[in-house]
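What follows is one structure encoded as structure tokens, with my remarks underneath.
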Amino acid sequence: MNSTADLLKCEDLTKKFGKDTALDNISFSLDPGHIVGLLGPNGAGKTTLIKMAAGLLTPTSGAILIDGDAPGVYSKGIVSYLPERTYLNESMTPDQTIKFFSDFYEDFDPERAGEMMESLNVNRTKPVKNLSKGTKEKLQLILVMSRKARLYLLDEPIGGVDPAARDYILNTILQNYEEDATVIISTHLIADVEQILDEVLFLQDGKLILQESVDTIREERGLSVDETFREVFRC
Amino acid sequence: MKWQIDSDRPVYKQLIEQTEQAIVSGIFSPGERLPSVRDLAAEAGVNPNTMQRALAELERSGILYSQRTSGRFITDDEEMIDKLRYQKAEEDARTFFDNMKKLDLSADEIARLLRAIFEEDKDEKSASNE
Amino acid sequence: MMYLAFAACCLLTNLFLGTLSTTGSAAEIINGILLLIDFALFVAIIVLTVVVCIERFYKNCYGPEGYLTFTLPVKPWQILLSKTLSSALLIICTLAVICGGVLLAVPFNTWNSIDMSDMVAAFEQGLQAVGAGNAAGLALNILGAVARNLFVTILAIYLAISIGQLFHDHKVALSFVFFFVIQSVIGLLTSLLFAGTMNMSDILSTYQQSVDSLDSLIGMINTFIGLQSLWMMAIAAAMFFGTDYIMRKHLNLE
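Just so you know, the protein sequences line up as chains A, B and C, in that order. Counting with the numbering used here, you get residues 1 to 235 for the letters of the first sequence. Counting with the numbering used here, you get residues 236 to 365 for the letters of the second sequence. Counting with the numbering used here, you get residues 366 to 619 for the letters of the third sequence.
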């Protein structure tokens, strides 16, 4: 662990897909110990940024550093990534996915995963392809949150779940909180998550237009982050 | 305890207010040990850093004190708690007074209104004692 | 899975071929039909194997599962190696099934009248007649040649798929194109490299001329196969590192 490095740092990070610029000279850094909201309209570049931190996309120019290192084996070991889509091998059962994650990740806690599966009613012996969409999403979230990672990247974690499960998920994120870890939540359901955030990043058209603490936003504008967002991004 | 967080005011301020409220209304007793920051934050559904900020403020004002190994405690200075209680009462009273002024009630009308409510409350109390 | 079903069918059909009597016109017709089915099954199982290898690689690396594969704390070459080995294993199983099928197809009454050690002795005699040394050495050489061609083909497929992934549109079509390009390039380079030095006709003419100098012939054949092997291994390594490079520096999963 590099104790002097920021946990996540972007330096003039740019990502182009052909002529399309998804991220445009993004620069910011995040310390450990925060729950950060990555907010912005569709197509703003949130998922692109997250995928770059996860090591699934390579920069066109600029740099992205996790704990001082470019994405690689070390960063993947300390980053826990939850994509928006299902990414598990559909023929595995939840129990097999637990074993899989235990094999690959030193910081994975199989007991914790098992407990969460019980609480969220995930059938542990049915192959993933036979589970409902909502259950698949819960399963993936459970696997991601059962790791003791330093950077959690959650892309729309509460998008498709019912309110009870949503509260459970937000509560789990809070319970999981560690001072040396940071959680990035990318979502458009700001009102639901606002309360657990302490910092937000606003992205628009691939540019970073705001990085601020939640309390400062509320104090300076007298509005919630949700309302601020609507104002800033008013069509 | 039940936390009620509004969305348009800084969270840490609301946490301070509601913690003070809990102390003066007896939900937390003087000298009682508080749960950990993380547990409180999870209970309130707020970010632990924000809860930490609120608790730090309360420590600064003396309502809370912390001992490095044993955690955070409510002060057992009953006088301070009483002062806080009157402070809150005064704040509420001023808010009430401002609202009454907006409704254009005179000082007499306000006093009569309050007394009537008081009597009502006394009657209800003795009725439930029978 | 389908694969096992096919394998089972193959072996069963061949078993039938072996056990049926070979006399009588009815038997001949049945035999003919079974042979056709047999041939079809062989083709099918080979196709199935290739398709499975391609599909597994593509799905696991560049499909939705790629999100999991490439966020594991594992170096890309390790991923590539494990995929290559598992594909190789599958192909070897298929070849084993085919060989097993062929062996089973030999009618059982024929088996009884053949003594295995006689066969091996006859085989070795034949080999000595063409001056190829003992059976074991040649077998190893052939196995080696099969193995390296296997790896070269698998890695060529993987490289072609990975190159196809570099493009935005028509990734699958481009992968096919690149596969043929790669194979052509390999073929071209191989023939260029070995045209000047030696080829099979050289070996045969040398054989014609110097039946006595068996050693030099053996030496030539071994060197030929050896050099080709080295060349092929170099190509395999190049393709491996090429694919690893793409996975490391130009990964773009969407």
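Glycine included, C-beta positions come from ideal geometry on N, C-alpha and C.
- In this structure, A:G45 is the residue among A:E199, A:G45, A:Q204 with its C-alpha nearest to the C-alpha of D155 (chain A).
- Leaving aside the five residues that flank A149 (chain A) on each side, the residues in its chain whose CB is nearer than 7 Å to its CB run, in chain order, I78, V79, S80, D107, A181.
- Remark: three or more beta-carbon pairs, one from each stretch, lie closer than 8 Å, so the region 33 to 53 of chain A and the region 191 to 210 of chain A are flagged as touching.
- Residue contact check for G33 (chain A) against chain B: a CB pair falls below 8 Å.
- Residue-level contact check: S146 (chain A) does not touch chain B, since none of the beta carbons of chain B fall below 8 Å from its beta carbon.
- Straight-line measurement puts the Cα of R244 (chain B) at about 12 Å from the Cα of E227 (chain A).
- Chain-ordered, the chain C residues with CB closer than 7 Å to the CB of K76 (chain A) read T436, L437, P438.
- For D243 (chain B), at least one C-beta of chain A is nearer than 8 Å to its own C-beta.
- In the three-state reduction of the DSSP assignment, E106 (chain A) falls in the coil class.
- Secondary structure note for F229 (chain A): its alpha helix (DSSP H) is the uninterrupted segment 225 to 232.
- Chain order gives no chain C residues near R150 (chain A), where near means a beta carbon separation below 9 Å; the closest approach is about 13 Å.
- Between the alpha carbons of A521 (chain C) and S29 (chain A) lies a gap of roughly 42 Å.
- For G280 (chain B), at least one C-beta of chain A is nearer than 8 Å to its own C-beta.
- Here S102 (chain A) has F108, P110 as same chain residues with Cβ atoms under 8 Å from its own Cβ, once five neighbours each way along the sequence are excluded.
- For R147 (chain A), the beta-bridge partners assigned by DSSP are A:F108.
- Judged by DSSP in its simplified three-state form, A70 (chain A) adopts coil rather than helix or strand.
- Of all residues in the region 12 to 23 of chain A, the ones placed with a Cβ closer than 8 Å to any Cβ belonging to chain C are F17, G18, in chain order.
- Only P83, R85, T86, Y87, L88, N89, F104 from the region 82 to 104 of chain A bring a Cβ to less than 8 Å from some Cβ of chain C.
- The residue among A:I50, A:L170, A:N130 with its C-alpha nearest the C-alpha of V281 (chain B) is A:L170.
- In the DSSP annotation of this structure, the continuous segment of the beta strand (DSSP E) that includes Y81 (chain A) starts and ends at 79 to 82.
- For the set A:A53, A:P163, A:N176, A:G114, the Cα lying nearest the Cα of S75 (chain A) is the one of A:A53.
- In terms of CA proximity to Y152 (chain A), A:P83 leads the group A:M117, A:L189, A:P83.
- Boundaries of the beta strand (DSSP E) harbouring S27 (chain A): 20 to 30, taken from the DSSP string.
- Using a 10 angstroms sphere on the CB of G397 (chain C), the tally of other CB atoms stays under 16, which defines it as exposed.
- Taken through DSSP and simplified to helix, strand or coil, E11 (chain A) comes out as strand.
- Counting only Cβ-Cβ distances below 8 Å, Q175 (chain A) has contacts in chain B at R273, A277, in chain order.
- Per DSSP, the unbroken alpha helix (DSSP H) holding L49 (chain A) starts and ends at 46 to 54.
- L400 (chain C) and V412 (chain C) have their C-alpha atoms roughly 18 Å apart.
- Between I526 (chain C) and F422 (chain C) the beta-carbon gap is near 6 Å, inside 8 Å, which marks them as a contact.
- By the Cβ test, the region 508 to 524 of chain C is in contact with the region 535 to 550 of chain C, since at least three Cβ pairs between them sit closer than 8 Å.
- By the beta-carbon neighbour count (other beta carbons within 10 angstroms, threshold 16), C464 (chain C) is exposed.
- When Cβ-Cβ separations below 8 Å define contact, A44 (chain A) makes no contact with chain C.
- Pairing V122 (chain A) with K133 (chain A) gives a Cβ-Cβ distance that is not under 8 Å.
- Burial check for K15 (chain A): the Cβ neighbour count within 10 Å reaches 16 or more, so the residue is buried.
- Counting every other CB atom within 10 Å of its CB across the protein chains shown gives K51 (chain A) a total of 16 or more, marking it as buried.
- Rounded to whole angstroms, the gap between the alpha carbons of K99 (chain A) and I142 (chain A) is 13 Å.
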